[in-house]
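Worksheet: the structure to be examined is printed underneath.
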Amino acid sequence: YIGLLINIIVMVTLYTIGLTIIGIEGALVIGLFGGIIHIIPYLGPVMATLMGVILGVTGVVSVGDYAMMGPTALRIILVYITIILIDVIVLEPLIYGKSVKAHPIEIFLVIIAAGTMGGIPAMIIAVPTYTLIRILLKEFLSQFKTVRSLTQQM
2 YIGLLINIIV
12 MVTLYTIGLT
22 IIGIEGALVI
32 GLFGGIIHII
42 PYLGPVMATL
52 MGVILGVTGV
62 VSVGDYAMMG
72 PTALRIILVY
82 ITIILIDVIV
92 LEPLIYGKSV
102 KAHPIEIFLV
112 IIAAGTMGGI
122 PAMIIAVPTY
132 TLIRILLKEF
142 LSQFKTVRSL
152 TQQM
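Numbering-wise (the numbering used here), the sequence shown opens with residue 2 and increments by one.
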């Protein structure tokens with residue numbers, strides 16, 4: 002759970018900074034909501050983006066600047082997409098890799114392989130399943146050199 006907490010804190014920070022840079026009022030509240038809801042696998046980032054756009058555009062409408070609705074929504078979407086890509090490609094493998102004591106590329110490959118074989122449900126359970134398999138290999142097959150090299154960091 003520590004990896005999840007770290008991910009939430011980082012996402013709240015990134016969303017808040019990104020929204021502040023593009024001049025969105027209430028960036029802290031929107032970023033806080035986005036970071037917390039981001040933990041819901043696959044739907045969280047979409048829901049966070051939609052709520053970010055709705056709340057951000059509401060701020061523009063409240064001051065009567067209707068012409069800025071479209072550009073503001075586009076800027077918010079670009080900020081969210083950029084942050085989500087950073088999260089998926091860099092942060093999650095690093096954070097979850099450290100929490101399960103596996104290399105970030107290893108975690109990335111496990112998630113990609115699981116997604117290829119079983120889609121979204123497999124991706125959700127990929128890292129815990131991989132960790133369980135590594136533990137079982139270490140406990141029951143540690144006499145093999147390959148198993149020892151794969152589980153030495155555990």
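We put the CB at the ideal spot given by N, CA and C, even for glycine. Values in this document were obtained by computation on a predicted structure and should not be read as measured data.
Within 10 angstroms of the Cβ of residue i, are there 16 or more other Cβ atoms? Answer buried if so, exposed if not.
i, result
"Thr83", "exposed"
"Leu113", "Residue identity differs from the one stated: residue 113 is Ile in this sequence, not Leu. Counting Cβ neighbours within 10 Å, Ile113 comes out exposed, since fewer than 16 surround it."
"Phe141", "exposed"
"Ile1", "Given a span of 2 to 155 for the chain in the structure shown, any question on residue 1 remains unanswerable."
"Leu137", "exposed"
"Gly119", "exposed"
"Arg149", "exposed"
Going by alpha carbons, who is nearest to residue i out of the options?
i, options, result
"Tyr97", "Val61, Thr17, Gly45, Ile40", "Ile40"
"Val61", "Met118, Ile87, Leu86, Gly24", "Gly24"
"Ile90", "Pro105, Pro122, Lys99", "Pro105"
"Glu10", "Gly32, Ile22, Leu20, Thr21", "First, the residue type needs correcting, since residue 10 is Ile and not Glu in the sequence shown. The shortest C-alpha separation from Ile10 is found at Gly32."
Round the Cβ separation of residue i and residue j to the nearest angstrom and send it over; I've been treating them as touching at under 8 Å.
i, j, result
"Val54", "Ala74", "5 Å"
"Gly45", "Val13", "Rounded, the Cβ-Cβ distance is 13 Å, inconsistent with contact."
"Tyr81", "Thr59", "Not quite, the Cβ-Cβ distance comes to about 16 Å (not below 8 Å), so this is no contact."
Assuming residue i is part of the alpha helix (DSSP H), what are its boundary residues?
i, result
"Lys102", "Run containing Lys102: none; DSSP gives neither H nor E here."
"Val54", "44-63"
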